[in-house]
Each structure stands twice: as C-alpha cells, then as structure tokens.
Amino acid sequence: MLFDSLTDPIPRLRPDLELLPHKENGEDLLVLRDPAGYTDEMLMFRPEAWALFSLFDGSRSIEALQEEIQQQTRVRIDTSQILQIVQSLDKALFLSNAHFEERRERMDDEYLQQTVRRAALAGQSYPEDPEELVDFFSELFEADGFDPEEGELLGIIAPHIDLKIGPQVYVPAFKQLKAAEFDTVVILGTSHYSFEDLFILTEKYFETPLGTLKTDREFVRALHDNCGNLLTTRDIAHKQEHSIEFPVLFLQHLLGNDSARIVPILCTSFEEFLVEGTRALADEKYDAFIKGFHKAVTDLGRRVVFVLSVDWSHIGRKFGDDADAADILDSVRASDHEHFRFLEACDYSGFYDFVRTAKNDTHIDGFACITTFFDLVAPRRGRLLDYQQWHEEERASSVSFASMAFFGGDEEGDAA
Numbered sequence: 026m027l028f029d030s031l032t033d034p035i036p037r038l039r040p041d042l043e044l045l046p047h048k049e050n051g052e053d054l055l056v057l058r059d060p061a062g063y064t065d066e067m068l069m070f071r072p073e074a075w076a077l078f079s080l081f082d083g084s085r086s087i088e089a090l091q092e093e094i095q096q097q098t099r100v101r102i103d104t105s106q107i108l109q110i111v112q113s114l115d116k117a118l119f120l121s122n123a124h125f126e127e128r129r130e131r132m133d134d135e136y137l138q139q140t141v142r143r144a145a146l147a148g149q150s151y152p153e154d155p156e157e158l159v160d161f162f163s164e165l166f167e168a169d170g171f172d173p174e175e176g177e178l179l180g181i182i183a184p185h186i187d188l189k190i191g192p193q194v195y196v197p198a199f200k201q202l203k204a205a206e207f208d209t210v211v212i213l214g215t216s217h218y219s220f221e222d223l224f225i226l227t228e229k230y231f232e233t234p235l236g237t238l239k240t241d242r243e244f245v246r247a248l249h250d251n252c253g254n255l256l257t258t259r260d261i262a263h264k265q266e267h268s269i270e271f272p273v274l275f276l277q278h279l280l281g282n283d284s285a286r287i288v289p290i291l292c293t294s295f296e297e298f299l300v301e302g303t304r305a306l307a308d309e310k311y312d313a314f315i316k317g318f319h320k321a322v323t324d325l326g327r328r329v330v331f332v333l334s335v336d337w338s339h340i341g342r343k344f345g346d347d348a349d350a351a352d353i354l355d356s357v358r359a360s361d362h363e364h365f366r367f368l369e370a371c372d373y374s375g376f377y378d379f380v381r382t383a384k385n386d387t388h389i390d391g392f393a394c395i396t397t398f399f400d401l402v403a404p405r406r407g408r409l410l411d412y413q414q415w416h417e418e419e420r421a422s423s424v425s426f427a428s429m430a431f432f433g434g435d436e437e438g439d440a441a
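Taking the working numbering, the leading residue of the sequence shown gets 26, the next gets one more, and so forth.
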C-alpha cells in the first residue's frame, strides 16, 4: 500500500539512489535511479524539483512540508500535489519504508540462495549479445600495441571504469596477465555497495554473455575456515558490483572459462586506518585474513596471480569537493603520479604516508585493495602501463584510472 497520509512523516528518500544529469529535447533534466538493482524504475524531473525531494528526510509530514515551502517561497503547493510526488517515489521503491524493505528482503533472499551470480551490467556497460561482445574485445585488443615484458608477474592493477568510457586502459594489464603462469586469479575489487565487513567473499560462479567462470570454492571455504569464520558469508554486495564483473569479462575473453578459477574478494573501506594513522595489520580480523590467505595458498598448492580492480582519484562536485574538477585536473594528475611513483618502487610505506598526509583528499577508491595486495605479496618492482582522466563536465567532476603490473624476481629481474 502506497504512502497516504498528510500528517505522518514522509519516509526518507533512500540514500543509496543515484542522481544523474540528462538532456532531452534540449532541456536539462535529472534522473533518479537505483544502482543497487532493487528496481528498474527511473524518475525524470526538472532540476528545481530536487530541492523538494531533498526535504524528504523522514522528519516532515506533507502538511508540515507545505507550510515550510510557503514560508520560504511564499508559494502554496496543494497537499494533493505533494502526495502525488511522494506516491510516485513510493511506487518506484525510492523511499525507505516497509514497501521497499519487503522488496529488498525478498530479492536478497533469492540472491543468497543462488549458486551463480548473473551479469548485472550486460546491455548497459557492454554488449549483451555474445558475438557483439567478442567483437568488442577483439577490436579492443587488436588496437593495442603493448608487448608484455618478461618477469614473475604477481599482480596487475586494472580499472573498473565503465567499459563505455575507458576500456583501452584495461588492455595492457590483462595482456601482461595472460603471459603469466597461474591457476587461480584472486580478484580484489573495490566494494561500492556494502561496508559491513573488511572483506566480502562469494562462492558463486560468475555468469556473463561469454559463459560461466568458476569460483575456486575450495579456496574460499578454506580461507573462511582459516580466518576462524570471522568474515561475513553474506555476499549481497556482489550482486550489482561491477569491480568484479568487469575483470571477469576480460579473463573470459583471454583465457576462456576453464583455464583458471577465480577468488572474488570485495575490499571495503580502510578509511579508518588512514584517519587513525594505523596500519591495517594491527587489526585482528585483517591480520587473520592475511595469515589465513597464505595458509590456504600453501595447503591447496595454488599458483595465484592478483587482479586489483580499482579506479583512482574521484574529484569535483559529484564527490563532495568545493571546486569544479576542471580547476584541479592538473594538480590531481600530479598527485596521482606521485602515488604511481611510490607503487612502481614498491614503496608501500611511502604510498601510505602520502595518502594519509593528504587525508586521501582525491578520494582514491583503491586504497584497501592496494594495501591488501602489498600485505599478501612482496612485489619487487612495479610498472605504470596506462593512465587517463575522465572529465564529466556536466557534473563538474572527474575520475582518473590506471593500469599497472607488479613483479617479483631477483636482482637481475629488477634491473630489466
């Protein structure tokens, strides 16, 4: 039943919704959508209406809202008009109320019972048709002239930027990975939808238009056991997460579905470690994860390689900055390359200190994945392969992203 009261508080607008600019027939509009995938509904409206929506914070009734608007603007909006707007949001499942919670619980329960995670972004970020997708990747790799270097590859950094925006930056990293020897690919992906635990694993296989890539369930279970079952087994965070889905596509294209298995791990926010000025290894659960991971690799005899699925700086109005991205693109590029300088030297301490001193002011989202990787392995050298900035002018914002490769080896390899 839709919300239908003039005196009860209007349920607050869901905080996890995404607000996007849209232009139609020359008119600037806004679109409200649900990136978590609980509804496919999208609401389109004029920018001035957002001022009204932003007042739906759970504290005001329709009558109180009517009075507040009249006091501020001297315009009296009929309560029936406000109710109609509220019910449109309610019908679209955009309000935090019982109507939405019932849908979320039902969909979450259905997902938790599934053994296969189905592609969330096929037809949106990349072609849904298998033949079109094969052509997309074939053309992408054929256009790239990167030649992998020799050396003991330990892991790569690849973006998770939308494949419509910066797919070419992925390519050199995955070319380097294809030349390596391994039987298990550990994907450390940035978690965008859940922060309930330090790490969120899943045993689900990953299905895309290119087939089904198997997860190393034996490894995932061993890792949970080795950690004393301290980590959550609730894997809802993987349902819509693109930071795992995109690398899976590249692995399928290059390796097929049978050459290697994956270990999908979402890394959540390590911001508290930066704020407190402490290292993650001082955290009991994190330390248990690192030790448990090493034990699983040794006990099961896996040859692992890592894919760190991260983007870099997120700047501008969209990400809470006071300045337009255009005004700080150059300084952020310089800051990003300072990060790369530390990482190419495999100087994690320098990288950590640089990010902590700056209070992560450019909002790099890969800090947790990078920290975990450096605590799991000891790379001897790194190499920046590609770098771009995507300037989203209509939102006065920008996201930078890069690809890198990290190697082990002896002194001779270091000098190569």
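Built from N, CA and C at the ideal position, the CB exists for glycine as well.
All of these numbers come straight from a predicted model, not from anything done at the bench.
I'd like to check one pair, A204 with L11: are the Cβ atoms closer than 9 angstroms? Given that the chain is displayed from residue 26 to residue 441, the structure contains no residue 11 and the question cannot be resolved.
Thinking C-alpha only, which one of E73, R58, D59 and Y151 is nearest E52? Position 27 of the sequence shown, counting from 1, holds the residue named residue 52. Nearest C-alpha to E52: E73.
Simplified DSSP assignment, three categories, for V300: The residue you call residue 300 lines up with position 275 of the sequence shown. The answer is helix: DSSP assigns V300 an H, G or I state.
Only counting runs of 3 or more residues, tell me where the beta strand (DSSP E) segments fall wholly within the segment 406-435, in order along the chain. Taken in chain order, the complete beta strand (DSSP E) segments of 3 residues or longer contained in the segment 406-435 are 406-417 and 422-432.
How many angstroms separate the CA atom of D283 from the CA atom of D347? Position 258 of the sequence shown, counting from 1, holds the residue named residue 283. Position 322 of the sequence shown, counting from 1, holds the residue named residue 347. CA-to-CA, the gap between D283 and D347 works out to about 49 angstroms.
Start and end of the alpha helix (DSSP H) containing G375? By 1-based counting over the sequence shown, the position of residue 375 is 350. Element bounds for G375: Y373 to T382.
Roughly how many angstroms lie between the CA atoms of H319 and R85, to the nearest whole one? Within the sequence shown, numbered from 1, the residue matching residue 319 stands at position 294. Within the sequence shown, numbered from 1, the residue matching residue 85 stands at position 60. For the pair H319 and R85, the Cα-to-Cα distance works out to about 53 angstroms.
Under 9 angstroms between the Cβ atoms of F271 and P184? To locate residue 271, count along the sequence shown from 1; it is residue 246. To locate residue 184, count along the sequence shown from 1; it is residue 159. Cβ distance < 9 angstroms, so F271 and P184 count as in contact.
With respect to the beta strand (DSSP E) encompassing G180, which residues constitute its N-terminal and C-terminal limits? Along the sequence shown, read from residue 1 onward, the residue named residue 180 stands at position 155. L178 to A183 is the span of the beta strand (DSSP E), which, as asked, contains G180.
Are three or more beta carbon pairs between the segment 317-335 and the segment 395-404 nearer than 8 angstroms? Output reads yes: the segment 395-404 touches the segment 317-335.
Beta-carbon proximity list for H263, same chain, < 8 angstroms, skipping 5 on both sides: The sequence position of residue 263 within the sequence shown is 238, counting from 1. Excluding sequence neighbours, H263 sits near R142, I225, T227, K229, I269, P289 and L291.
Following the continuous beta strand (DSSP E) through C292, name the residue where it begins and the one where it ends. In the sequence shown, the residue the question calls residue 292 occupies position 267. From DSSP, the beta strand (DSSP E) with C292 extends over R286 to C292.
Identify, in the order they occur along the chain, each residue of the same chain with its Cβ nearer than 7 angstroms to the Cβ of L80, setting aside the five sequence neighbours on each side. Reading the sequence shown from its first residue, position 55 is the one you call residue 80. Closer than 7 angstroms at the Cβ level, and outside the excluded window around L80, lie L90.
Which word fits T140, buried or exposed, when buried means at least 16 other C-beta atoms lie within 10 angstroms of its C-beta? Here residue 140 corresponds to residue number 115 of the sequence shown, with the count starting at 1. Exposure of T140 is indicated by the presence of fewer than 16 other C-beta atoms within 10 angstroms of its C-beta.
Please state if the CB of S423 and the CB of D411 are separated by a distance shorter than 9 angstroms. Along the sequence shown, read from residue 1 onward, the residue named residue 411 stands at position 386. Along the sequence shown, read from residue 1 onward, the residue named residue 423 stands at position 398. The Cβ-Cβ distance between D411 and S423 does not fall below 9 angstroms.
7 angstroms Cβ shell around E43 - same chain, five flanking residues per side excluded: What you label residue 43 is simply residue 18 of the sequence shown in a count that begins at 1. Closer than 7 angstroms at Cβ, skipping near neighbours: R58 and P60.
Under 9 angstroms between the Cβ atoms of I188 and T233? By one-based count along the sequence shown, residue 188 stands at place 163. By one-based count along the sequence shown, residue 233 stands at place 208. In the sequence as displayed, the identity of residue 188 is Leu instead of Ile. Their beta carbons are not under 9 angstroms apart, which means L188 does not touch T233 by this criterion.
Opposite D336 in the DSSP bridges: which residues? Start at 1 with the first residue of the sequence shown, and residue 336 comes out as number 311. Partner residues in a beta bridge of D336, as assigned by DSSP, do not exist.
Where does F162 land, buried or exposed, given buried means 16+ other C-beta within 10 angstroms? For this step, residue 162 is matched to residue 137 along the sequence shown. Label assigned to F162: buried.
Can you list, in chain order, the residues of its chain with a C-beta nearer than 8 angstroms to that of L306? Leave out the 5 residues immediately preceding and following it. The residue you call residue 306 lines up with position 281 of the sequence shown. The residues D312, I315 and D400, in chain order, have a CB closer than 8 angstroms to that of L306 in the same chain once the five nearest residues on each side in sequence are set aside.
Would the segment 249-258 and the segment 415-422 be scored as touching if the rule is three or more Cβ pairs under 8 angstroms? When C-beta atoms of the segment 249-258 are compared with those of the segment 415-422, fewer than three pairs fall below 8 angstroms, so the two segments do not count as touching.
For Y63, three-class secondary structure by DSSP: Within the sequence shown, residue 63 is the residue found at index 38, counting from 1. Assigned with DSSP and collapsed to three states, Y63 falls in coil, not helix or strand.
Taking DSSP's pairing of strands, which residues face P404 in a bridge? Position 379 of the sequence shown, counted from the start, is the residue given in the question as residue 404. Answer by DSSP bridge pairing: none, since P404 is not bridged.
Residues of its chain near A350, where Cβ-Cβ distance is below 7 angstroms and the 5 sequence neighbours each way are ignored: One-based indexing of the sequence shown puts residue 350 at position 325. Cβ within range, chain order: I340, G341, H416, A421, S422 and S423.
Nonlocal neighbours in the same chain, by C-beta distance under 7 angstroms from E88, ignoring five residues either side: Within the sequence shown, numbered from 1, the residue matching residue 88 stands at position 63. Excluding sequence neighbours, E88 sits near L31, T32 and T104.
When you compare the segment 369-376 with the segment 151-158, are there three or more beta-carbon pairs, one atom per stretch, that lie closer than 8 angstroms? With a cut-off of 8 angstroms, the segment 151-158 and the segment 369-376 do not count as touching, because too few Cβ pairs lie within range.
To the nearest angstrom, how far is it from the Cα of D172 to the Cα of L114? In the sequence shown, residue 172 corresponds to position 147, counting from 1. In the sequence shown, residue 114 corresponds to position 89, counting from 1. Rounded to whole angstroms, D172 to L114 spans 52 angstroms at the Cα level.
I'd like the ranges of any alpha helix (DSSP H) spanning at least 4 consecutive residues and lying wholly in the segment 175-229. The qualifying runs are 196-203.
In this structure, what does DSSP give as the bridge partners for S121? The residue labelled residue 121 in the question sits at position 96 within the sequence shown. As far as DSSP is concerned, S121 takes part in no beta bridge.
Given that a residue counts as buried once 16 or more other Cβ atoms are within 10 Å of its Cβ, and exposed if not, what is T387? As a first step, residue 387 must be located in the sequence shown, where it is residue number 362. T387 is buried by the Cβ-count criterion.
Which whole-angstrom value is the C-beta distance of L276 and V210, which I expect to be below 8 angstroms? If you number the sequence shown from 1, residue 276 lands on position 251. If you number the sequence shown from 1, residue 210 lands on position 185. With a beta-carbon spacing of about 6 angstroms, L276 and V210 fall inside the 8 angstroms limit used to define contacts.
Check whether R261 and Y218 have beta carbons under 9 angstroms apart: As a working mapping, residue 261 is identified with position 236 in the sequence shown. As a working mapping, residue 218 is identified with position 193 in the sequence shown. Reading off the sequence shown, one finds Ile at residue 261, where the question assumed Arg. Yes; because the gap between Cβ atoms is below 9 angstroms, this pair is in contact.
For a test of the three-state rule: what should DSSP assign to H58, helix, strand or coil? Against the sequence shown, residue 58 aligns to sequence position 33. Here the sequence assigns Arg to residue 58, which means His is not the residue at that position. Here R58 sits in strand by DSSP.
Enumerated in chain order, which unbroken segments of the beta strand (DSSP E) with a length of 3 residues or greater are wholly contained in the segment 111-176? Runs of the beta strand (DSSP E) lying entirely within the segment 111-176, each at least 3 residues long, are 141-143 in chain order.
Simplified DSSP assignment, three categories, for G18: Lying outside 26 to 441, the shown extent of the chain, residue 18 is not represented and no answer is given.
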